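Trainee: Going down the list, the protein sequences come from chains C and G.
Counting from 1 along the first sequence, just add 3 to a position and that's the residue number in this note's numbering.
Counting from 1 along the second sequence, just add 80 to a position and that's the residue number in this note's numbering.
In this text, a Cβ means the ideal position worked out from N, Cα and C, and glycines have one as well.
Treat the numbers as computed from the prediction; the structure is a model and nothing was measured.
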Amino acid sequence: MGEGLLSVIQRLRGSPGQELRIVLLGLDNAGKTTLLKRLASEEVTTITPTQGFNIKSVHSHGFKLNVWDIGGQRSVRPYWRKYLGSTDLLIYVIDSADQKRFEETGQELAELTEDESLTGVPLLVFANKQDLVTAAPAAEIAEGLSLHTYRDREWQIQACSALSGEGVQDGMNWISSQIMSRKK
Amino acid sequence: MKHFLRMFIQVCLYFYCKFLWRCLKFVVRKLTGRCELQRICYNTKPGAARTMKIEASLKGSKSKRLQTSVSVHPDAIEKTIDDIMELKKINPDINPQLGVSLQACLLQIVGYRNLVVEVEKLRREPYDSENPQHEEMLLKLWKCLKPNSPLKARISKQWCEIGFQGDDPKTDFRGMGLLGLYNLVYFAEWDTEVAQQVLSDSLQPKYREVSKKELSYSFAIVGINITDLAYNLLVSGALKTHFYNVAPEAPTLTHFQQTFCYLMHEFHKFWVEEDPLDIMEFNRVREKFHKRILKQLQNPEMALCPHFAASESLINM
Numbered sequence: 004m005g006e007g008l009l010s011v012i013q014r015l016r017g018s019p020g021q022e023l024r025i026v027l028l029g030l031d032n033a034g035k036t037t038l039l040k041r042l043a044s045e046e047v048t049t050i051t052p053t054q055g056f057n058i059k060s061v062h063s064h065g066f067k068l069n070v071w072d073i074g075g076q077r078s079v080r081p082y083w084r085k086y087l088g089s090t091d092l093l094i095y096v097i098d099s100a101d102q103k104r105f106e107e108t109g110q111e112l113a114e115l116t117e118d119e120s121l122t123g124v125p126l127l128v129f130a131n132k133q134d135l136v137t138a139a140p141a142a143e144i145a146e147g148l149s150l151h152t153y154r155d156r157e158w159q160i161q162a163c164s165a166l167s168g169e170g171v172q173d174g175m176n177w178i179s180s181q182i183m184s185r186k187k
Numbered sequence: 081m082k083h084f085l086r087m088f089i090q091v092c093l094y095f096y097c098k099f100l101w102r103c104l105k106f107v108v109r110k111l112t113g114r115c116e117l118q119r120i121c122y123n124t125k126p127g128a129a130r131t132m133k134i135e136a137s138l139k140g141s142k143s144k145r146l147q148t149s150v151s152v153h154p155d156a157i158e159k160t161i162d163d164i165m166e167l168k169k170i171n172p173d174i175n176p177q178l179g180v181s182l183q184a185c186l187l188q189i190v191g192y193r194n195l196v197v198e199v200e201k202l203r204r205e206p207y208d209s210e211n212p213q214h215e216e217m218l219l220k221l222w223k224c225l226k227p228n229s230p231l232k233a234r235i236s237k238q239w240c241e242i243g244f245q246g247d248d249p250k251t252d253f254r255g256m257g258l259l260g261l262y263n264l265v266y267f268a269e270w271d272t273e274v275a276q277q278v279l280s281d282s283l284q285p286k287y288r289e290v291s292k293k294e295l296s297y298s299f300a301i302v303g304i305n306i307t308d309l310a311y312n313l314l315v316s317g318a319l320k321t322h323f324y325n326v327a328p329e330a331p332t333l334t335h336f337q338q339t340f341c342y343l344m345h346e347f348h349k350f351w352v353e354e355d356p357l358d359i360m361e362f363n364r365v366r367e368k369f370h371k372r373i374l375k376q377l378q379n380p381e382m383a384l385c386p387h388f389a390a391s392e393s394l395i396n397m
């Protein structure tokens with residue numbers, strides 16, 4: 004499960020020297036850091052709220068994937084824009100059990116996708132925390148976010164549990180297919 | 081095949097060195113008439129240097145009894161000392177000081193191990209808003225930090241004023257569980273003046289006008305992050321130097337919490353000194369701070385901060 008990043012790299016083997024920039028965003032307590040650690044095959048039990056940002060790079064076969072995980076606290080959100088430049092792919096993480104803040108997270112995402120530096124950048128939405136019984140299904144969240152109205156970019160919604168790792172690999176598969184098709 | 085050969089050579093080298101070390105110990109023992117434990121106790125002054133040498137010697141011993149002595153129950157320490165004396169054929173009447181010194185060391189070694197277990201247990205207990213005790217502690221934190229401004233509701237934007245992320249702190253404790261709350265409450269309750277000062281500085285930095293930079297940070301969230309730092313220092317064993325130097329007997333949770341208070345205060349000063357551009361530099365500054373503390377703890381004389389000297393006389397044994 005934790006081999007997400009590695010498998011993307013392995014699939015991309017043969018075109019060395021490529022560096023990708025992936026930005027992970029979402030409200031506080033959505034599970035961004037847990038997802039980041041899961042991707043890097045690290046321990047996920049001692050996560051603390053992110054002040055500022057975390058970054059993990061994985062080097063392999065000449066590839067470098069830089070994943071930026073930026074804090075989701077309201078007071079930090081204005082800084083998001085500073086990190087959007089030359090982003091290859093945006094991952095947006097949602098706490099599927101936090102129904103009270105669906106509207107807030109939808110607004111943030113809508114504002115983000117209007118940002119010029121993200122024009123045409125593929126978007127992967129992780130409907131996280133599916134391990135909780137109160138989690139809303141991914142389809143419902145996609146509808147709430149009106150993802151189907153996004154015409155100018157590739158997008159995908161993926162149900163997952165960053166804690167157990169379930170669904171994370173499927174999301175990473177989509178990312179690698181996006182990168183492959185862009186290179187053609 | 082090459083890899084295997086290299087491994088094989090390394091294994092041989094390891095056993096060779098171990099054998100040499102044993103021979104050396106044997107020769108020195110014959111020459112001085114004292115075993116390694118005695119030599120350490122007589123040649124090293126009390127404190128972290130001595131306790132850590134004793135710990136290494138016990139763990140590396142070929143005797144099972146000595147190896148397991150570092151993990152006995154605190155109540156069984158006296159019996160363990162008697163066993164060691166007997167095993168090493170040391171006459172306690174001729175060497176009365178040795179037993180006392182060994183006991184002081186073992187109390188610290190065993191105490192540290194138990195503290196790791198206790199802290200880990202607290203960390204693993206998630207914050208539960210259904211548990212009245214947890215809720216009570218959370219409200220106490222508010223009262224200690226903001227005595228003059230009552231909390232209007234349990235779910236309230238006011239929590240952001242002491243540096244939680246949203247209107248309900250319960251989701252902010254995460255991987256640090258109750259340990260984060262315990263530490264913050266201890267800081268606010270026992271070191272109130274400093275805690276309130278750090279909180280107020282974290283909100284409206286007085287240095288802002290000078291540097292034209294945004295130095296503010298979220299007090300409670302940083303507290304939970306510094307809890308993680310203290311937890312890592314403890315579990316990795318780096319805090320041994322500090323605890324063996326300041327805790328005359330077994331280090332306790334109180335010692336850990338006092339160390340947390342020290343780290344919070346120091347981190348705050350460090351943050352201001354580092355003069356970061358904004359909060360996005362937090363992890364860079366935190367990493368630098370972590371490295372600095374680790375470096376300080378490599379010095380066996382190091383004590384991060386003084387603690388209650390409950391039984392100071394013991395440390396001289």
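Grab me the residues of T37(C)'s own chain with a C-beta within less than 7 Å of its C-beta, minus the 5 sequence neighbours each way, in chain order.
Mentor: V47, I50, A165 and L166
Trainee: How do the region 328-343 of chain G and the region 129-148 of chain G stand: do at least 3 beta-carbon pairs fall below 8 Å, yes or no?
Mentor: no
Trainee: Residues of chain C with a CB under 7 Å from the CB of D355(G): which are they?
Mentor: Within chain C, no residue comes near D355(G); the closest Cβ sits about 15 Å away, beyond 7 Å.
Trainee: Should the region 86-96 of chain G be called in touch with the region 111-121 of chain G, which here means at least 3 C-beta pairs below 8 Å?
Mentor: Flag = no, the region 86-96 of chain G and the region 111-121 of chain G do not touch.
Trainee: Based on Cα-Cα distance, which residue from I301(G), M344(G), L313(G) and P230(G) lies nearest to F267(G)?
Mentor: M344(G)
Trainee: Taking the straight line between their C-alpha atoms, what separation do you get for Y94(G) and K320(G)?
Mentor: 27 Å
Trainee: So if I threshold CB-CB distances at 7 Å, which residues from the region 76-92 of chain C count as touching chain G?
Mentor: Sequence-ordered contacts of the region 76-92 of chain C with chain G read Q76, V79 and Y82 [C-beta pairs closer than 7 Å].
Trainee: With I134(G) as the anchor, note down where its alpha helix (DSSP H) starts and where it stops.
Mentor: A128 to K139
Trainee: Give me the subset of the region 45-59 of chain C whose CB atoms are less than 7 Å from a CB atom of chain G, sorted by chain position.
Mentor: Within the region 45-59 of chain C, the residues whose Cβ lies closer than 7 Å to some Cβ of chain G are T48, T49, I50, T51, P52, Q54, G55, F56 and N57, listed in chain order.
Trainee: If you compare alpha carbons, which of K103(C), D101(C) and E111(C) is closest to Y82(C)?
Mentor: E111(C)
Trainee: For L218(G), which residues of its own chain have a beta-carbon under 7 Å away from its beta-carbon, when the five flanking residues on both sides are left out?
Mentor: P249 and L261
Trainee: Leaving out five residues before and five after D31(C) in sequence, what residues of the same chain have Cβ atoms less than 6 Å from its Cβ?
Mentor: G75 and Q76
Trainee: Can you tell which of A233(G), K226(G) and R102(G) has the C-alpha that lies nearest to the C-alpha of E241(G)?
Mentor: K226(G)
Trainee: Check whether the Cβ of Y297(G) lies closer than 9 Å to any Cβ atom in chain C.
Mentor: yes
Trainee: Is H64(C) helix, strand or coil by DSSP?
Mentor: Only weak support exists for where H64(C) lies, its pLDDT of 44 falling under 50; the coordinates are left without a value.
Trainee: Measure how close the beta-carbons of Q378(G) and I301(G) come, nearest whole angstrom, since I'm counting them as under 8 Å.
Mentor: Between I301(G) and Q378(G) the Cβ distance is about 29 Å, and since that is not below 8 Å, they are no contact.
Trainee: Give the residues from the region 21-37 of chain C that approach chain G closer than 7 Å (Cβ to any Cβ), ordered along the chain.
Mentor: D31 and N32
Trainee: Report buried or exposed for G17(C), applying the criterion of at least 16 other Cβ atoms within 10 angstroms of its Cβ.
Mentor: Legend: pLDDT at G17(C) = 49, less than 50; position of this residue unreliable, no value from coordinates given.
Trainee: List the whole-angstrom C-beta distance separating V70(C) from I144(C), where the pair is believed to meet the contact cut-off of C-beta under 8 Å.
Mentor: In fact, because the Cβ distance is near 22 Å, the residues do not count as touching under 8 Å.
Trainee: Considering only C-alpha positions, which residue in the set M81(G), V91(G), V152(G) and V180(G) is nearest to L117(G)?
Mentor: If we check each option's Cα against that of L117(G), V180(G) comes out closest.
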